[in-house]
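Q: Structure provided below as structure tokens; questions to follow.
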Amino acid sequence: MPVIIVLAKERANYPTCLPGMWRGATTVALDITIPPRTPLRVGERVVVKILDPCDDFFPLANDGSPRYVARPSNIEGEIVAMRPSGNNLVEFTLRNEAEASTVAYATLSIAQHHGRTTNLSLSQRLVVNVATYLIRPTRDIPLELEAIVFDEPRRSTLENESSRGRGPLRPRYPNRRTDAPVR
Numbered sequence: 064m065p066v067i068i069v070l071a072k073e074r075a076n077y078p079t080c081l082p083g084m085w086r087g088a089t090t091v092a093l094d095i096t097i098p099p100r101t102p103l104r105v106g107e108r109v110v111v112k113i114l115d116p117c118d119d120f121f122p123l124a125n126d127g128s129p130r131y132v133a134r135p136s137n138i139e140g141e142i143v144a145m146r147p148s149g150n151n152l153v154e155f156t157l158r159n160e161a162e163a164s165t166v167a168y169a170t171l172s173i174a175q176h177h178g179r180t181t182n183l184s185l186s187q188r189l190v191v192n193v194a195t196y197l198i199r200p201t202r203d204i205p206l207e208l209e210a211i212v213f214d215e216p217r218r219s220t221l222e223n224e225s226s227r228g229r230g231p232l233r234p235r236y237p238n239r240r241t242d243a244p245v246r
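What follows is the structure in structure tokens.
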């Protein structure tokens, strides 16, 4: 099964109080504002990247589209549950399977647009639509379709590539003359 990359904004972080969990385990609440390429559903495998705004780096950009840097979050796993959250929002619960993470679970909140952001069964869509009228709306998660996302630069371990703080590229063969004729 393919893995879906989800770009989300971190909303809250709170302790997980479940029996059998170790004391430092946390749950992270995330808002998905940029729709994933594949609609989400229960059973999908997901990798989460956190969005950090970087509009300050582009003061002259007047196109109105928000800019973000996507950084790894060490949250990946399978979506195990879904619940309606009111105002046509859906919350997916993700069980984190990353070993070196303090996050046990993540809740992914997204606006429900069937076939575009979510892929729910008929009974799940019925529950969400009924809950839209019964649950009082508390918040809204607008979709940012025009957002520009930059991937965080990776640190290089190769000798001929630059990484942060190391300066310009080093020549691959420092003793070779570059103006010698090619044979």
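Residue numbers (my numbering): 64 to 246. Glycine included, each C-beta is placed from N, C-alpha and C at the ideal position. Values in this document were obtained by computation on a predicted structure and should not be read as measured data.
#1: Would you check if the region 169-180 and the region 118-132 touch, i.e. whether three or more CB-CB distances between them fall below 8 Å?
#2: Could you tell me the alpha carbon to alpha carbon distance between THR90 and PRO216, rounded to whole angstroms?
#3: Between the Cα of ARG108 and those of THR165, SER184, LEU157, VAL191, spot the shortest distance and give me the residue it belongs to.
#4: Is GLY140 near the ligand PLP, going by C-beta to nearest heavy atom under 7 Å?
#5: Please report whether the beta-carbon of THR89 lies at a distance below 8 Å from any beta-carbon of chain B.
#6: What do you reckon, are the CB atoms on ILE142 and LYS112 nearer than 8 Å?
#7: Below 8 Å CB to CB, which residues in the same chain sit around CYS17 once its five sequence neighbours on both sides are set aside?
#8: What runs of the alpha helix (DSSP H), each 4 residues or longer, lie entirely inside the region 152-210?
#9: Please state whether the Cβ-Cβ distance between THR165 and GLY87 is less than 8 Å.
#10: Confirm, please, whether the CB-CB distance from ASN159 to LEU103 is below 8 Å.
#11: Apart from the five residues on each side of it in sequence, which residues of its chain come closer than 7 Å, Cβ to Cβ, to TYR77?
A: In terms of the structure at hand:
#1: As far as the Cβ criterion goes, the region 118-132 does not touch the region 169-180, which means the pair count is below three.
#2: Each residue's Cα considered, the two are about 27 Å apart.
#3: Out of THR165, SER184, LEU157, VAL191, LEU157 has the C-alpha closest to the C-alpha of ARG108.
#4: The ligand PLP is absent from the structure shown, which contains no ligand whatsoever.
#5: Among the protein chains of the structure shown there is no chain B, as only one such chain exists.
#6: Cβ distance not < 8 Å, so ILE142 and LYS112 don't count as in contact.
#7: The chain is shown only over 64 to 246; residue 17 falls outside these bounds and no answer can be derived.
#8: Fully enclosed alpha helix (DSSP H) runs of no fewer than 4 residues occupy 185-197 of the region 152-210, in order along the chain.
#9: Yes, Cβ-Cβ distance for THR165 and GLY87 is below 8 Å.
#10: No, these two residues do not count as a Cβ contact at 8 Å.
#11: Only THR89, THR90 meet the Cβ criterion.
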